[in-house]
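Using full-length UniProt numbering, read the sequence shown as starting at 1 and increasing by one per residue. Virtual Cβ for every residue (Gly too), placed ideally from N, Cα, C. Read the structure below first, then the notes.
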Amino acid sequence: MQDCRNGCKDITFDLGDPLCWEFMLLSTAKPVLLIPNMKEEDEEDEGDQDQVMSQVPVSWVLPIVVTPEAFEMRCPEGMKLLQYKKARLEKWAPYLQDDGRVSRLTLYQDTASTIELEVQDLFENRKDKLDMRQVKRLAGDSSEYFSPGRKDALKGNMRL
1 MQDCRNGCKD
11 ITFDLGDPLC
21 WEFMLLSTAK
31 PVLLIPNMKE
41 EDEEDEGDQD
51 QVMSQVPVSW
61 VLPIVVTPEA
71 FEMRCPEGMK
81 LLQYKKARLE
91 KWAPYLQDDG
101 RVSRLTLYQD
111 TASTIELEVQ
121 DLFENRKDKL
131 DMRQVKRLAG
141 DSSEYFSPGR
151 KDALKGNMRL
């Protein structure tokens, strides 16, 4: 091992030097100088190293199995509800809701969640390209935002 009392200036960064660095793996990428008579013996030793490396203990943890259906659901039963201090967030898996809704954020005026201020719905994979609907309950305003690609090139729709 190396002395590092003076910081990095005295450290030797030659990773092939066994006096300065410990080997973490059995094989090294750096070639070692060989004595001409010792070549044959070293070739036999390399075969032994391969056997040692292949004798890694078997993992005691079972492999993770996730079916494609469970992966697409993204959460148990396809829905997740998160309650915050003055808000509630509902998430759905894509294609689970008939209208294409994937998320709904409801903002409340009080912590008891009784008076709704605003509701934001996010949509995916809709034919009419609707991305977000925002409804402000107290003001009675409604806004819809669309992604590019509509036939009528509509970007947004606001109702006051």
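So does residue i have its beta carbon nearer than 7 Å to some heavy atom of the ligand NAD?
{"i": "residue 5", "result": "The ligand NAD is not among the ligands present in this structure, which contains no ligands whatsoever."}
Is residue j closer than 8 Å to residue i when the C-beta atoms are compared?
{"i": "residue 86", "j": "residue 107", "result": "yes"}
{"i": "residue 144", "j": "residue 125", "result": "no"}
{"i": "residue 127", "j": "residue 149", "result": "no"}
{"i": "residue 119", "j": "residue 101", "result": "no"}
{"i": "residue 81", "j": "residue 72", "result": "no"}
Count the other C-beta atoms from every protein chain shown that fall within 10 angstroms of the C-beta of residue i, then say buried if there are 16 or more, exposed otherwise.
{"i": "residue 159", "result": "exposed"}
{"i": "residue 146", "result": "buried"}
{"i": "residue 121", "result": "buried"}
On a Cα-Cα basis, can you pick out the residue from the options that is closest to residue i?
{"i": "residue 98", "options": "123, 60, 110", "result": "123"}
{"i": "residue 70", "options": "94, 19, 82, 90", "result": "94"}
{"i": "residue 78", "options": "133, 135, 92", "result": "92"}
With a cut-off of 8 Å, does the C-beta of residue i fall near any C-beta of chain C?
{"i": "residue 152", "result": "Any reference to chain C falls outside this structure, which holds one protein chain only."}
Could you tell me which uninterrupted beta strand (DSSP E) segments, each at least 3 residues in length, are contained entirely in the UniProt domain "Dynein regulatory complex subunit 7 MORN" (76-156), listed from first to last along the chain?
79-83, 87-92, 101-108, 116-123, 130-136, 141-146
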